[in-house]
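No gaps in the numbering here: position 99 of the sequence shown is 98 in numbering that gives the first Met the number 0, and each next residue is one more.
For glycine and all other residues, C-beta sits at the position ideal for the given N, C-alpha and C.
Just so we're clear, the structure is a prediction, and the values are computed from it rather than from any experiment.
Worksheet for the structure shown next.
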Amino acid sequence: MNRLLKRLIKRHLHEYDNHKSIKDFISGIDDIFAQQQDEREFMERTLTLSSTELNEINISLKENLAKNEKIQRHSEKLIAKQDALFNASTEAIFSFSPDNIIEKLNQAAIDFLDLDVDRLNNGEVLTCDLFLSRLVNHDSFSNDIQPIRDNELAVVHGFFDTIDHRSYEFYSVPEVVDGDFFGRVWCCRDITDVRKNEALLKYRANHDALTDLPNRSLILDVLNHAIAMGKRHNLKVGLLFIDLDDFKKINDTAGHQEGDRYLIEFANRIQSALKAGDILGRLGGDEFVVILEDIDDISHVVQINERILALCKLPFYIKDKKYYMSCSIGVSLSPDDSVSSDELIRKADMAMYQAKESGKNTYHFFDKKLEKIALNSVMIDGQLREAIKEENFVLHYQPKMRLKDNSLCGVEALIRWQKTPNELVYPDCFIHIAEKNGLIREITYWLLNKACQTLKSWENTSLANIPMSLNISAIDFADPYFVEQVFQLIDKYNINPALLELELTESTFFNDIGSVQEKIKKLKSKKIKLAIDDFGTGFSSFAYLRDMELDFLKIDKSFVLGMLDDEKSQAIVKSIIDVGINLGFKIVAEGIESASIMALLTQQGCHIGQGYHMSKPITEKMLLEFSTDTLKK
0 MNRLLKRLIK RHLHEYDNHK SIKDFISGID DIFAQQQDER EFMERTLTLS STELNEINIS
60 LKENLAKNEK IQRHSEKLIA KQDALFNAST EAIFSFSPDN IIEKLNQAAI DFLDLDVDRL
120 NNGEVLTCDL FLSRLVNHDS FSNDIQPIRD NELAVVHGFF DTIDHRSYEF YSVPEVVDGD
180 FFGRVWCCRD ITDVRKNEAL LKYRANHDAL TDLPNRSLIL DVLNHAIAMG KRHNLKVGLL
240 FIDLDDFKKI NDTAGHQEGD RYLIEFANRI QSALKAGDIL GRLGGDEFVV ILEDIDDISH
300 VVQINERILA LCKLPFYIKD KKYYMSCSIG VSLSPDDSVS SDELIRKADM AMYQAKESGK
360 NTYHFFDKKL EKIALNSVMI DGQLREAIKE ENFVLHYQPK MRLKDNSLCG VEALIRWQKT
420 PNELVYPDCF IHIAEKNGLI REITYWLLNK ACQTLKSWEN TSLANIPMSL NISAIDFADP
480 YFVEQVFQLI DKYNINPALL ELELTESTFF NDIGSVQEKI KKLKSKKIKL AIDDFGTGFS
540 SFAYLRDMEL DFLKIDKSFV LGMLDDEKSQ AIVKSIIDVG INLGFKIVAE GIESASIMAL
600 LTQQGCHIGQ GYHMSKPITE KMLLEFSTDT LKK
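Rendered as structure tokens:
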């Protein structure tokens, strides 16, 4: 029973349990009370749940509103950033509608179209015709954007030039949302300065920095084209390989800066000797080439060579000083010598070296004999390197005799290349190659080492105290470590330095004269003897006879051999002897091949002689026998 109803009945009806009718009535009332109580509780629960849900929904709505506001602000920021990037971009950016109306453009695009503010503010409709009006080559542009006509969703890229002489690179992409096309964006980047820099870099890559002439790379391209055109029109192409003679003198005396000025002036002179269409280039250093096209007469090549040589002979003024120079020219022809640009240059180079060997200041056309010589030189170079590695050299010795009593007073050590057990190669066949290819220092070191070792081994023989002379090239003597090297070997073998004689060629004195004098003084301080070899065959100068502390003067055998038949040769020999004696030299004559020549030299006052009349170059064993026999006499 409902508790409230029960309390009311108990308050008013104390004995309701005894009355059935009242009991039924109360039971019915109780059911009504219970139902109402359930409904009230249900309503209360329902109201409570509805209020909670409403609160939750309200909170959710507030949160969603906050999120939406945040998203909106973020979107506004993104749009603002995009607008800022759009307007700040240096690229001209256009947004076109599907019907080619310009809907949006940035400041760079406004500048590109050269639009004024009034046209923009008046809301004028801007079409693609305005864009196209700025281009100079519509056909090329039309070809580049052809994919757009075939497919509106195509992405295109290309280049165009404008009427104000600017160059642009463009990209165009479609604007698409959910597969629907609603316009196209164009980005145009000004690449004018980039192209100018690219052109400048390309120019610099193909031109010599000093003279502004075509360099090797461009020369090869031009030469290849010239060869192809010559072949098509049945005409020759000439290549001149020009090398300055003794250019090192300019750098050594006037300095590299003045040497560069000389090269520029030299290039200008060559250019003035050429006709329109002839190409002058610089390979590097003091090497130049000239490409002569459309040659129908070789005499034209000869004339160009003669003009270049003549212009080169004119004096050059550097730092108010007058210099006279010359050049050597090698010539190769296409198709006669080759149809390969590299081969033409190589063969012209070979011909140029032949011109130098012919006395310089001349030109020489390539011929097949030169190639054979070059191939032989390459072969010898390889074999010579192996010989140095294996020390396949021997010394032969030519006795030097005192003319007044025919006694042995020295020997000249002459190097031989033991190519095979039965083959000896003489120095005139390989020394010049060693000098050219940078091998001479290694050979000279072997020579010095072997000479010192041999002098030590002679100390207890009949050759004790017999001086040994060695030929030293100008390249060796110019080596800053040469003197130190000689001293080290003398100390290594503990020999008497006075027994070592070094024979120097006249070309030795063409180098830095101060350095030469200093080295001579150092060598003389150790009592080492020095001689001028082959005197009279080079650019002989009395100045270095006077200024250098030398001991011997060797007369070249070409004068000695002609003494009996040529009065001039006899007079020259006599003059050299007289000058040498007056300057305090011991005079040595080479090439004595008869008793008559020996007698004449003795009569003229020559001190020492060597030649086949006394003895040819012989082995060490034969020399020991020779010295023993000489002592017996």
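- In the displayed model, residue 168 falls within a strand according to three-state DSSP.
- A straight line joining the alpha-carbon of residue 543 with that of residue 580 spans about 15 angstroms.
- One alpha carbon belongs to residue 441, the other to residue 285, and they sit about 28 angstroms apart.
- A straight line joining the alpha-carbon of residue 115 with that of residue 103 spans about 15 angstroms.
- A residue is called buried when at least 16 other Cβ atoms come within 10 angstroms of its Cβ; residue 73 does not meet this threshold and is exposed.
- When the Cα atoms are used, residue 82 and residue 341 turn out to be separated by approximately 59 angstroms.
- When DSSP reads this structure, residue 331 sits in a beta bridge with 238.
- By the Cβ test, the segment 115-128 is not in contact with the segment 142-154, since fewer than three Cβ pairs between them sit closer than 8 angstroms.
- A straight line joining the alpha-carbon of residue 94 with that of residue 179 spans about 16 angstroms.
- For residue 258, the enclosing alpha helix (DSSP H) has its first and last residue at 255-272.
- The alpha-carbon of residue 467 is positioned some 17 angstroms away from that of residue 533.
- Residue 464 and residue 608 have their alpha carbons spaced roughly 18 angstroms apart.
- When DSSP states are grouped into helix, strand and coil, residue 325 belongs to the coil group.
- The three-state reading of DSSP puts residue 183 in strand, counting E and B together.
- Secondary structure note for residue 464: it is in no beta strand (DSSP E), with a DSSP letter that is neither H nor E.
- In terms of Cβ geometry, residue 331 and residue 365 form a close pair [threshold 7 angstroms].
- By a beta-carbon distance limit of 8 angstroms, residue 107 does not contact residue 132. Their separation comes to about 17 angstroms.
- Per DSSP, residue 348 is one residue of the alpha helix (DSSP H) stretching across 340-356.
- A buried status is given to residue 261, since no fewer than 16 other beta-carbon atoms sit within 10 Å of its beta-carbon.
- Distance between residue 358 and residue 555, taken at the CA atoms: about 19 angstroms.
- Looking only at 290, 308, 159, the smallest Cα-Cα distance to residue 223 is reached by 290.
- Close CB contacts of residue 335 within its chain, under the 8 angstroms cut and outside five residues either way in sequence, are with 235 (chain order).
- Under the three-state reduction of DSSP output, residue 188 falls in the strand class.
- According to DSSP, residue 161 shares a beta bridge with 134.
- Linking residue 381 to residue 625 through their CA atoms gives a straight-line distance of about 37 angstroms.
- The Cβ-Cβ distance between residue 568 and residue 558 falls below 7 angstroms.
- When Cβ pairs closer than 8 angstroms are counted between the two stretches, the segment 402-414 is seen to touch the segment 466-485, the count reaching three or more.
- Nearest in C-alpha terms to residue 521, of all of 505, 350, 494, 484, is 484.
- In the three-state scheme derived from DSSP, where H, G and I count as helix and E and B as strand, residue 445 is classed as helix.
- Assigned with DSSP and collapsed to three states, residue 88 falls in coil, not helix or strand.
- Burial state of residue 301 is exposed, judged by a 10 Å Cβ sphere holding fewer than 16 other Cβ atoms.
- When the Cα atoms are used, residue 610 and residue 592 turn out to be separated by approximately 6 angstroms.
- Straight-line measurement puts the Cα of residue 198 at about 29 angstroms from the Cα of residue 240.
- Cβ-Cβ distances below 6 angstroms link residue 281 to 207, 210, 212, 287 in the same chain, with the five nearest sequence neighbours on each side left out; the list follows chain order.
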